[in-house]
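Take 6 as the starting number for the sequence shown in the numbering used here and just add one per residue.
Every residue gets a Cβ at the ideal spot worked out from N, C-alpha and C, and that includes glycine.
Bear in mind the structure is a predicted one, so any value in this text is a computation, not a measurement.
Below: the structure, in structure tokens.
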Amino acid sequence: MKKAVFAVLASVGLLVSASNAMAASDSGQATANVITPISIANTSDLSFGNGLPGDTLVITQAGVGSGTVLSDKGTHSAAGFDVNGGNAQTYNITHDGPVAMTGTAGSASATLDCPSAGTLDGTGADSFACGGSVDLTGTGPGDLSGTFNVTVEYP
Numbered sequence: 006m007k008k009a010v011f012a013v014l015a016s017v018g019l020l021v022s023a024s025n026a027m028a029a030s031d032s033g034q035a036t037a038n039v040i041t042p043i044s045i046a047n048t049s050d051l052s053f054g055n056g057l058p059g060d061t062l063v064i065t066q067a068g069v070g071s072g073t074v075l076s077d078k079g080t081h082s083a084a085g086f087d088v089n090g091g092n093a094q095t096y097n098i099t100h101d102g103p104v105a106m107t108g109t110a111g112s113a114s115a116t117l118d119c120p121s122a123g124t125l126d127g128t129g130a131d132s133f134a135c136g137g138s139v140d141l142t143g144t145g146p147g148d149l150s151g152t153f154n155v156t157v158e159y160p
């Protein structure tokens, strides 16, 4: 009888130790890096300068103006934007468009030319410019203006 009880206890012991050998555990660590939120500020507006009806005015991202009719384009500039956020972070740039321009000259549609991405420097700062073009066909003498939105976001 002692042998039978011992055999049963030995079998139970083997089962318990076998189930312990089939499981193992360890721990891991959870981390997060919280970066500075990204922001954008307009520093200068897109100005196409002077043009004649039928002219197409173009402003590059560098602010260089050109047109097809008038040689003196007047004051023109690319739109400038400052971006701030996390140090050395990349970001994407999007914009709405085309820009509906209206005023005493009638109406026209401007297209935008902005970079698609940028990288913040080691202090979390960057800047970029948007140029564009506007076709003045169908306009008369007067002024035109319109508003556009530029969005920056981390990828």
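Going straight from the alpha carbon of residue i to that of residue j, what length do you get?
i	j	result
Ala93	Val155	21 Å
Thr152	Ile40	31 Å
Phe11	Asp31	Here the model assigns Phe11 a pLDDT of 49, short of 50, so the residue's position is not dependable, and the following value carries that caveat. The alpha-carbon atoms of Phe11 and Asp31 are separated by roughly 35 Å.
Pro160	Leu51	26 Å
Which class does residue i belong to by DSSP, given the choice of helix, strand or coil?
i	result
Ala130	strand
Gly145	coil
Ala84	strand
Ala115	strand
Ala26	helix
Thr48	strand
Ala105	strand
Have a look at the DSSP bridge pairing and note the partners of residue i.
i	result
Ile98	Val157
Asp140	Thr61
Return no unless some Cβ of chain C is closer than 9 Å to the Cβ of residue i.
i	result
Leu149	Included in the structure is just one protein chain, with no chain C present.
Among the options, which one has its Cα closest to the Cα of residue i?
i	options	result
Ile45	Gly147, Gly123, Leu149 and Thr107	Gly123
Ile98	Met106, Phe86 and Ala105	Phe86
If we call anything under 9 Å between Cβ atoms a contact, is residue i one with residue j?
i	j	result
Val63	Gly108	no
Ala115	Thr144	no
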